[in-house]
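Here the structure comes first, spelled out in structure tokens, and everything after it is commentary.
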Amino acid sequence: MSNAIETKKVQVQEIAEKFKSASSVVVVDYRGLTVAQVTELRKQLREAGVEFKVYKNTLTRRATEIAGVEGINEFLTGPNAVAFSNEDVVAPAKIINDFAKKNEALEIKAGIIEGNVSSADDVKALAELPSREGLLSMLLSVLQAPMRNFALATKAVAEQKEEQGA
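Residue numbers for the sequence shown follow our numbering, beginning at -5 and rising by one.
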């Protein structure tokens, strides 16, 4: 009996460490998905460096208390799966949201974004943001616009002076 308790304590510590180190966490209800669908979701998440796990709710609740994010405990009812991402904050939300659009059985329950408990709507809003590359290209185009406009204006002035001089 004590061996089982020790094993659970170790599991709780491991889960707590994942909650502490993750930049974002998404909790989903996966009831109604086929094994093939869950496998496809796991594959997509793994390719993005996201860990997707199913834990007992009691162990997860204890781990969230240790990690200081017990606000998510109200969403830990029924069968849940948890996606942890250490690098990319947006990746799990984006992948799971896209997958949920194609497979209505998957339901986003809540998330933790950089230590703050977020509702399902917040997670979906995060998923709708452009990717990092998209944001960088938008920034670059905004930075280039004044130079491009200046270049066009000087070219127009030069052409106008050329016409007047001819």
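Ideal placement from N, C-alpha and C gives every residue a C-beta, glycine not left out.
With a threshold of 16 other CB atoms inside 10 Å of the CB of ILE(-1), please say whether the residue is buried or exposed. As a first step, residue -1 is located in the sequence shown; it is residue number 5 there, counting from the start. Answer is exposed; the Cβ neighbour count stays below 16.
Give me the residue from LYS96, GLY109 and ALA94 with the minimum Cα distance to VAL63. By one-based count along the sequence shown, residue 63 stands at place 69. VAL63 has its Cα closest to that of GLY109, out of LYS96, GLY109 and ALA94.
Is the stretch 96 to 116 touching the stretch 137 to 146 in the sense that three or more CB pairs, one from each, lie closer than 8 Å? no
Just to confirm, is the Cβ distance from THR58 to ASN51 under 7 Å? Your numbering for residue 58 matches position 64 in the sequence shown. Your numbering for residue 51 matches position 57 in the sequence shown. No, the Cβ-Cβ distance between THR58 and ASN51 is not below 7 Å.
The beta strand (DSSP E) with GLY105 in it runs from where to where? What you label residue 105 is simply residue 111 of the sequence shown in a count that begins at 1. Counting along the chain, the beta strand (DSSP E) containing GLY105 begins and ends at 101 to 107.
Any idea if VAL21 is buried or exposed, counting beta-carbon neighbours within 10 angstroms, 16 or more meaning buried? Counted from its first residue, the sequence shown places residue 21 at position 27. Under this definition VAL21 is a buried residue.
Which word fits LEU133, buried or exposed, when buried means at least 16 other C-beta atoms lie within 10 angstroms of its C-beta? For the purposes of this step, residue 133 is taken as the residue at position 139 of the sequence shown. Exposed is the call here.
By how many angstroms is the C-alpha of LYS47 removed from the C-alpha of GLY26? By 1-based counting over the sequence shown, the position of residue 26 is 32. By 1-based counting over the sequence shown, the position of residue 47 is 53. The straight-line gap from Cα to Cα measures roughly 17 Å.
Taking ALA99 as the reference, give the member of LEU120, GLU81 and PRO73 with the closest Cα. Your numbering for residue 99 matches position 105 in the sequence shown. The residue with the shortest Cα to Cα distance from ALA99 is PRO73.
Is GLN5 near ASN97, with beta carbons less than 7 Å apart? Within the sequence shown, numbered from 1, the residue matching residue 5 stands at position 11. Within the sequence shown, numbered from 1, the residue matching residue 97 stands at position 103. Against a cut-off of 7 Å, the Cβ pair of ASN97 and GLN5 comes out as no contact.
Endpoints, the beta strand (DSSP E) within which ASP161 is located: As shown, the chain starts at -5 and ends at 160. That puts residue 161 outside it, with no answer to give.
By alpha-carbon positions, which one of LYS88, ILE60, ALA42 and ILE102 ends up nearest to PHE69? Along the sequence shown, read from residue 1 onward, the residue named residue 69 stands at position 75. If we check each option's Cα against that of PHE69, ILE102 comes out closest.
Top-ranked residue by Cα proximity to PHE93, from GLN38, SER15 and ALA119: Locating residue 93 in the sequence shown gives position 99, counting from the first residue. Checking every option, the nearest Cα to that of PHE93 belongs to GLN38.
Can the beta-carbon of VAL44 be found closer than 7 Å to that of SER79? In the sequence shown, counting from the first residue as 1, residue 44 sits at position 50. In the sequence shown, counting from the first residue as 1, residue 79 sits at position 85. It is a contact, given that the beta carbons lie within the stated cut-off.
Is the Cβ-Cβ distance between SER17 and VAL83 less than 7 Å? Taking the first residue of the sequence shown as 1, we reach residue 17 at position 23. Taking the first residue of the sequence shown as 1, we reach residue 83 at position 89. Yes; because the gap between Cβ atoms is below 7 Å, this pair is in contact.
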